[in-house]
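Novice: This structure is in structure tokens; I'll ask about it shortly.
Protein chains: 2
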Amino acid sequence: MIDSEVVMFEVAELGRKVTKSEFKDALPQLRAELTEVQRRLRDSGVAVLVIVEGVEGVGRGEVVNRLNGWLDTRGTETHAFWDVSSEEQSHPRYWRYWKSLPARGKIGLFFGGWYSEPLLRGCNGEWDEVRIAAAASRIRDLERMLALENVLIVKFWFHLQRTQQKRRLKELRDDPASRWSRTGRDGSVLDYHDFLRTGERVIRETDTALAPWYLIESGDSRYRDLTVGRTLYQTIRERLDLGCPDCESETLSHAPSLPDAADGRLTILDHVPLHKQVDKADYTKRLAKSQRRLRALTWKAYKSGRASVLVFEGWDAAGKGGTIRRLTAGIDARLYRVVPVAAPSDEELAHHYLWRFWRHVPAAGRMTIFDRSWYGRLLVERVEGLAEANQWRRAYHEINKFEQQLVEHGILVHKFWLHISEQEQLNRFLARKDIAYKQHKLTDEDWRNREKRSYYEAAVNEMVFRTSTEQAPWTLVAAEDKRFGRLAVIDTLCDRLEELL
Amino acid sequence: MIDSEVVMFEVAELGRKVTKSEFKDALPQLRAELTEVQRRLRDSGVAVLVIVEGVEGVGRGEVVNRLNGWLDTRGTETHAFWDVSSEEQSHPRYWRYWKSLPARGKIGLFFGGWYSEPLLRGCNGEWDEVRIAAAASRIRDLERMLALENVLIVKFWFHLQRTQQKRRLKELRDDPASRWSRTGRDGSVLDYHDFLRTGERVIRETDTALAPWYLIESGDSRYRDLTVGRTLYQTIRERLDLGCPDCESETLSHAPSLPDAADGRLTILDHVPLHKQVDKADYTKRLAKSQRRLRALTWKAYKSGRASVLVFEGWDAAGKGGTIRRLTAGIDARLYRVVPVAAPSDEELAHHYLWRFWRHVPAAGRMTIFDRSWYGRLLVERVEGLAEANQWRRAYHEINKFEQQLVEHGILVHKFWLHISEQEQLNRFLARKDIAYKQHKLTDEDWRNREKRSYYEAAVNEMVFRTSTEQAPWTLVAAEDKRFGRLAVIDTLCDRLEELL
């Protein structure tokens with residue numbers, strides 16, 4: 116799954132589709148729901164700000180036109196912010212956005228809004244990381260301020276794969292109606308990968324509990340439009356259901372349910388190539404070779420003072436322990452430390468949930484391997500309701516900031532999700548029952564967790580989108596074949612170490 | 116009141132004192148209160164983090180020793196973070212702070228903590244504004260994260276005037292017990308004004324509703340220690356009174372009541388030199404001259420594209436209208452616009468409270484004069500309870516960020532508080548009753564406002580501390596004599612324009 120592209124967006128490269136007839140069947144209900152929620156919105160004291168962003172050629176205009184067709188236009192306003200007028204030029208940058216903010220009871224649709232400038236200038240290299248971070252910090256402040264004063268902010272990021280984009284841009288060039296699009300207007304096309312890299316950074320910095328991003332897969336326009344319509348309906352309805360116009364919207368849902376269409380229910384886990392295998396003889400040879408490579412690289416990292424933090428998460432029985440053992444077999448014992456993360460101790464409970472992990476951050480040149488980690492908050496604590504909704508929603512941003520600090524100190528951060536199918540998990544559970552020395556590894560809880568698989572899948576999908584950053588990526592490991600999974604992990608780590616040293 | 120020093124800190128240059136006997140009388144109660152609140156804290160699920168910062172020689176060590184004497188030491192820990200150990204050096208910057216965070220039920224006292232580095236590096240010029248802002252943004256995130264997870268953060272900034280500091284530093288040099296102080300250790304003394312300027316910036320960026328700064332006047336050690344003890348007691352008690360260990364502390368009080376000692380009740384308004392006067396002949400001459408100067412400067416500002424935003428606040432009948440008329444008489448009518456701020460319209464109410472002011476931000480070269488302003492939120496709305504506590508507490512930071520955007524766009528921002536005594540206000544009210552054409556200016560509300568004078572005084576005092584920044588300062592105008600006040604305003608504005616053009 117390691118890829119030159121930015122992993123975050125792979126969550127929107129799953130080939131999700133809605134057929135024509137599914138779309139037609141779903142439409143009447145969605146339109147009725149939108150009309151109903153817009154009617155309720157009118158007297159609610161809440162304003163809705165919808166921001167649409169994404170790669171060029173993704174059809175932002177089409178979506179907004181579609182939404183305008185579905186919504187009561189007396190309650191909606193669209194703002195494009197294309198040309199900066201001379202009047203706008205002579206005012207502070209944000210003046211034009213403030214002027215255009217929707218009033219209570221209204222829905223405002225912003226093309227890009229305050230995201231356009233950091234994205235464009237970041238993409239074309241005018242702004243460096245520090246400048247982008249400063250702009251993002253301002254955006255966080257602004258959005259927080261608005262959200263705390265009755266503005267529901269819904270941010271959509273539309274994503275297309277490179278090949279799809281090329282096709283779309285060609286169509287657009289040939290279509291006279293597209294002359295107003297960003298691409299059509301100035302003729303230049305932003306570099307796809309530069310744009311994604313900047314986008315990843317901007318999303319990471321501005322994806323907060325109060326104003327989260329929704330990543331919309333846009334290869335299929337029916338899936339795209341239906342998902343946007345439903346997400347908008349759900350977020351508005353949930354905000355209105357809070358009942359209090361002045362209450363903080365920090366309690367809002369992050370994860371709108373997926374469209375009912377079969378293809379729409381895919382998650383990124385469905386794309387892990389579980390069929391991959393390595394035969395035993397090949398494995399033994401390759402493992403020894405990879406471990407030798409790892410040994411050399413970890414000594415080199417030690418000498419150059421480069422520390423590493425590895426995170427292992429995955430399904431029960433996916434083989435985390437076995438994988439970690441093969442990995443550490445390739446590292447001098449003085450250089451690494453495995454931290455198994457179980458239920459927190461009393462001392463740990465008395466502190467912030469990140470405190471116990473900060474303690475184990477490795478010193479220069481060393482490696483800490485977390486067998487389960489701070490992602491517990493976004494997985495088990497979320498699914499089991501052990502963390503409040505506003506706690507785990509905040510955690511995406513908190514965790515990104517935590518890992519960013521490690522990365523800025525020069526620490527390599529890599530996160531592995533060990534994936535196996537439901538059937539394979541069952542086989543392993545049953546096998547454990549039969550092997551005496553493995554019986555203790557199987558608990559009632561494991562069986563209960565199995566029943567919640569679909570919830571965990573949704574949580575993993577969202578976790579990968581919101582926390583797989585360029586600097587601290589997730590690798591989804593195909594661990595159906597244990598041998599393949601172990602090699603994949605060791606080789607991925609070696610590649611990253613080699614790249615950084 | 117215009118001064119080469121940073122206005123923010125003038126709030127802590129009032130000469131507040133507590134006598135020896137007042138101190139002795141107050142101590143038993145304070146100690147009993149602290150003991151009681153610390154006992155309640157133990158099982159509350161709340162941790163308290165106290166940060167002490169301020170100019171050198173201000174006695175931070177003395178205060179912390181005093182607190183340790185008053186508190187039950189089994190529940191307190193002090194962390195100095197002096198020398199960075201080699202172990203700490205090999206970890207990310209914040210590792211050592213995380214390690215030292217207090218557990219629930221405990222009080223942690225940090226000397227400087229995460230503020231030391233930005234203050235020192237900002238002061239000695241190693242870090243520029245962008246770097247300081249980035250560090251402040253990280254601090255805001257961290258403090259917010261902790262505050263939302265049961266950490267009550269109490270930040271004290273101790274202030275001394277330059278002359279007091281000089282005396283203190285001399286004493287310290289002569290005292291062998293001070294060898295461990297920041298000054299004593301490396302021998303170098305930070306430049307006083309550089310330190311204040313950096314401090315002002317850091318405070319402005321990190322003074323949030325969730326983790327506000329408390330500015331402590333420290334010229335008198337008894338006043339200093341008593342105020343710290345009482346503030347600590349009050350903030351902890353209020354946090355515990357919220358009852359819910361997990362609830363957001365955004366509802367905390369910002370403004371602990373002042374010490375009961377007579378001298379402790381001073382506010383910055385008590386230092387406005389109300390006795391100042393200008394006689395009529397002199398006034399007529401000087402007014403004409405100042406207006407000519409203003410005319411030239413405003414044309415120059417127009418030509419160079421430099422816009423201005425002026426804010427006028429003050430007591431009822433302090434003469435805002437008359438002052439603004441004299442000011443605008445010196446400006447070409449095409450260049451300025453007066454925006455009287457009354458109760459918001461329906462359209463304005465339907466938007467964020469800053470929206471109506473954003474609309475009137477001047478274009479390049481123009482001037483907008485706000486007769487009352489966004490500070491209504493921190494004055495009338497706060498005192499009259501028209502804004503919720505968490506709304507006006509957030510507003511300090513929101514307003515600073517708003518004004519910062521104007522300043523960054525090159526706009527001159529200056530804020531005037533027109534001050535008169537209670538007696539003078541009464542005289543003017545009574546005179547109005549007798550002058551037919553002024554009768555409409557006197558309402559029942561004016562009389563009601565008079566009764567709340569002390570609340571307004573406290574609100575103004577806090578407003579000046581939290582929003583008088585180097586770039587957008589407050590000037591407290593002695594308007595007891597109308598002529599003096601008008602000239603002071605025009606001359607202050609001219610000075611600033613001249614400085615900037």
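Listed in order, the protein sequences are those of chains A and B.
When we follow this note's numbering, the leftmost residue of the first sequence carries the number 116, and every step to the right adds one.
When we follow this note's numbering, the leftmost residue of the second sequence carries the number 116, and every step to the right adds one.
Here a beta-carbon is modelled for each residue, glycine too, at the ideal position from N, C-alpha and C.
#1: Enumerate in chain order the residues of its own chain whose CB-to-CB distance from L355 of chain B is below 6 Å, with the five nearest sequence positions on each side excluded.
#2: Go through its chain and collect everything with a Cβ distance to L261 of chain A's Cβ below 6 Å, but skip five positions before and after it.
#3: With H, G and I counted as helix, E and B as strand and the rest as coil, what does DSSP make of H194 of chain A?
#4: Alpha carbon to alpha carbon, what distance is there between A504 of chain B and D324 of chain B?
#5: For L267 of chain A, which residues in the same chain have their Cβ closer than 8 Å to its Cβ, ignoring the five residues on either side in sequence?
#6: Given that R316 of chain A touches chain B, what residues does it touch there, using C-beta distances under 9 Å?
#7: Grab me the residues of G237 of chain B's own chain with a C-beta within less than 6 Å of its C-beta, minus the 5 sequence neighbours each way, in chain order.
#8: From which residue to which residue does the beta strand (DSSP E) around Y511 of chain A run?
#9: According to DSSP, is H386 of chain A helix, strand or coil?
#10: Check for me: the beta strand (DSSP E) holding A593 of chain A runs from which residue to which?
#11: In angstroms, rounded to a whole number, what distance separates the CA positions of K281 of chain B and R487 of chain B?
#12: Y329 of chain A by DSSP, collapsed to three states: which one?
#13: Note the first and the last residue of the continuous alpha helix (DSSP H) segment covering R146 of chain B.
#14: What residue range does the alpha helix (DSSP H) around A162 of chain A cover?
#15: Mind pulling the alpha helix (DSSP H) runs of 4 or more residues that sit fully within the region 457 to 495 of chain A?
#16: Along the region 495 to 524 of chain A, where does the CB come closer than 7 Å to a CB of chain B? Name the residues.
#17: Please name the residue, chosen from B:S231, B:H386, B:N239 and B:L615, that lies closest to V522 of chain B on a Cα-to-Cα basis.
#18: Shorter than 8 Å from the beta carbon of S372 of chain B to some beta carbon of chain A?
#19: Considering K530 of chain B, what are the terminal residues of the beta strand (DSSP E) in which it resides?
#20: So if DSSP puts G429 of chain B in a beta bridge, which residue, or which two residues, is it bridged to?
#21: Return yes when the Cβ of D596 of chain A is within less than 8 Å of the Cβ of Q392 of chain A, no when it is not.
#22: Are there 16 or more other CB atoms within 10 angstroms of the CB of N542 of chain B, so buried, or fewer, so exposed?
#23: Short of 7 Å in beta carbon distance, which residues of its chain neighbour N564 of chain B, apart from the five on each side in sequence? Order them along the chain.
#24: On the premise that L275 of chain B lies in contact with S333 of chain B, defined as a C-beta separation below 8 Å, what is that separation, rounded to the nearest angstrom?
#25: Below 8 Å between beta carbons: does that hold for G480 of chain B and Y398 of chain B?
#26: Would you mind working out which of A:L182, A:S200 and A:L330 sits nearest E168 of chain A, comparing C-alpha positions?
#27: Could you name the residues of chain A that P207 of chain B contacts, counting a contact when the two beta carbons are closer than 8 Å?
#28: Taking L216 of chain A as the query, report the chain B residues whose CB atoms sit under 8 Å from its CB, ordered along the chain.
#29: Exposed or buried, which one is G130 of chain A when buried takes at least 16 other CB atoms within 10 Å?
#30: Just the Cα atoms here: how many angstroms apart are Q613 of chain A and A587 of chain A?
#31: State the Cα-Cα distance for the pair V498 of chain B and Y571 of chain B, rounded to the nearest angstrom.
#32: Where does S336 of chain A sit, in a helix, a strand or coil, going by DSSP?
#33: Let me make sure I understand the geometry here. Which of B:S231, B:A457 and B:Y209 has the alpha-carbon closest to that of G491 of chain B?
#34: Could you give the C-beta distance for E125 of chain A and L284 of chain A, rounded to a whole number, given that I count them as a contact under 8 Å?
#35: Out of B:V178, B:N576 and B:W532, which one is the CA nearest neighbour of R339 of chain B?
#36: Expressed to the nearest angstrom, what Euclidean distance is found between the alpha-carbon atoms of V528 of chain B and P477 of chain B?
Specialist: So, to answer that:
#1: What you label residue 355 of chain B is simply residue 240 of the second sequence in a count that begins at 1. Closer than 6 Å at Cβ, skipping near neighbours: R155 and S159.
#2: As a first step, residue 261 of chain A is located in the first sequence; it is residue number 146 there, counting from the start. Result list for L261 of chain A: empty, nothing under 6 Å.
#3: One-based indexing of the first sequence puts residue 194 of chain A at position 79. Note: H194 of chain A maps to strand in three-state DSSP.
#4: For this step, residue 324 of chain B is matched to residue 209 along the second sequence. For this step, residue 504 of chain B is matched to residue 389 along the second sequence. Residue identity check: residue 324 of chain B is Ala in the sequence provided, not Asp. C-alpha separation (whole angstroms): 10 Å.
#5: The residue given as residue 267 of chain A occupies position 152 in the first sequence. Closer than 8 Å at Cβ, skipping near neighbours: V161, A162, V163, L164, T350, I351, R354, S364 and L367.
#6: The sequence position of residue 316 of chain A within the first sequence is 201, counting from 1. Against chain B, the beta carbon of R316 of chain A has no neighbour under 9 Å; the closest one sits roughly 14 Å away.
#7: The residue you call residue 237 of chain B lines up with position 122 of the second sequence. Here the set comprises I247 and T313.
#8: Numbered from 1 along the first sequence, position 396 holds the residue referred to as residue 511 of chain A. That residue, Y511 of chain A, is in no beta strand (DSSP E); its alpha helix (DSSP H) goes A504 to E523.
#9: In the first sequence, the residue the question calls residue 386 of chain A occupies position 271. Note: H386 of chain A maps to helix in three-state DSSP.
#10: Indexing the first sequence from 1 puts residue 593 of chain A at position 478. Run containing A593 of chain A: W589 to A593, per the beta strand (DSSP E) assignment.
#11: In the second sequence, counting from the first residue as 1, residue 281 of chain B sits at position 166. In the second sequence, counting from the first residue as 1, residue 487 of chain B sits at position 372. Distance between the alpha carbons of K281 of chain B and R487 of chain B is about 40 Å.
#12: Within the first sequence, the letter at position 214 stands for residue 329 of chain A. Y329 of chain A falls in the strand class under three-state DSSP.
#13: Counted from its first residue, the second sequence places residue 146 of chain B at position 31. Looking at the DSSP string, the run of the alpha helix (DSSP H) that includes R146 of chain B is K135 to R157.
#14: Looking up residue 162 of chain A in the first sequence gives position 47. Where A162 of chain A is concerned, there is no enclosing alpha helix (DSSP H), although the beta strand (DSSP E) it sits in stretches over A162 to G169.
#15: 461 to 464 and 470 to 473
#16: R509, E513, K516, Q520, L521 and H524
#17: Your numbering for residue 522 of chain B matches position 407 in the second sequence. Residue B:L615 is the option with its Cα nearest to V522 of chain B.
#18: As a working note, residue 372 of chain B is residue 257 in the second sequence. Annotation note: pLDDT 49 at S372 of chain B (below 50); position unreliable, coordinate value reported separately. No - not a single Cβ of chain A is within 8 Å of the one on S372 of chain B.
#19: To locate residue 530 of chain B, count along the second sequence from 1; it is residue 415. Counting along the chain, the beta strand (DSSP E) containing K530 of chain B begins and ends at L527 to H534.
#20: For the purposes of this step, residue 429 of chain B is identified with residue 314 of the second sequence, where counting begins at 1. Bridge partners of G429 of chain B: B:L533.
#21: Here residue 392 of chain A is taken as the residue at index 277 of the first sequence, counted from 1. Here residue 596 of chain A is taken as the residue at index 481 of the first sequence, counted from 1. The answer is yes: Cβ separation under 8 Å.
#22: Numbered from 1 along the second sequence, position 427 holds the residue referred to as residue 542 of chain B. Classification of N542 of chain B: exposed, given that the 10 Å Cβ count is below 16.
#23: Along the second sequence, one-based indexing puts residue 564 of chain B at 449. Cβ within range, chain order: D431.
#24: As a working note, residue 333 of chain B is residue 218 in the second sequence. As a working note, residue 275 of chain B is residue 160 in the second sequence. Yes, S333 of chain B and L275 of chain B are in contact; Cβ-Cβ is about 5 Å, under 8 Å.
#25: Along the second sequence, read from residue 1 onward, the residue named residue 480 of chain B stands at position 365. Along the second sequence, read from residue 1 onward, the residue named residue 398 of chain B stands at position 283. No, Cβ-Cβ distance for G480 of chain B and Y398 of chain B is not below 8 Å.
#26: Taking the first residue of the first sequence as 1, we reach residue 168 of chain A at position 53. Distances from the CA of E168 of chain A to each of A:L182, A:S200 and A:L330 were compared; the closest alpha carbon is that of A:L330.
#27: For the purposes of this step, residue 207 of chain B is identified with residue 92 of the second sequence, where counting begins at 1. Correct list: V476, Q520, L521, E523, H524 and I526.
#28: Here the question's residue 216 of chain A lines up with position 101 in the first sequence. Here the neighbours are H466, H467 and W470.
#29: One-based indexing of the first sequence puts residue 130 of chain A at position 15. That one is exposed.
#30: Taking the first sequence and counting its residues from 1, the one referred to as residue 613 of chain A is at position 498. Taking the first sequence and counting its residues from 1, the one referred to as residue 587 of chain A is at position 472. Looking at the sequence shown, residue 613 of chain A is not Gln but Glu. Their backbone Cα atoms lie some 16 Å apart in a straight line.
#31: Walking along the second sequence from the start, residue 498 of chain B turns up at place 383. Walking along the second sequence from the start, residue 571 of chain B turns up at place 456. Rounded to whole angstroms, V498 of chain B to Y571 of chain B spans 7 Å at the Cα level.
#32: Here residue 336 of chain A corresponds to residue number 221 of the first sequence, with the count starting at 1. Correct three-state label for S336 of chain A: helix.
#33: On the second sequence, residue 491 of chain B is found 376 positions in, with the first residue counted as 1. Comparing Cα positions, the closest option is B:A457.
#34: Within the first sequence, numbered from 1, the residue matching residue 125 of chain A stands at position 10. Within the first sequence, numbered from 1, the residue matching residue 284 of chain A stands at position 169. Contact between E125 of chain A and L284 of chain A is absent: CB atoms are separated by about 21 Å, not below the 8 Å threshold.
#35: As a first step, residue 339 of chain B is located in the second sequence; it is residue number 224 there, counting from the start. Ranking B:V178, B:N576 and B:W532 by Cα distance to R339 of chain B puts B:V178 first.
#36: If you number the second sequence from 1, residue 528 of chain B lands on position 413. If you number the second sequence from 1, residue 477 of chain B lands on position 362. If I take the Cα positions, the gap works out to 11 Å.
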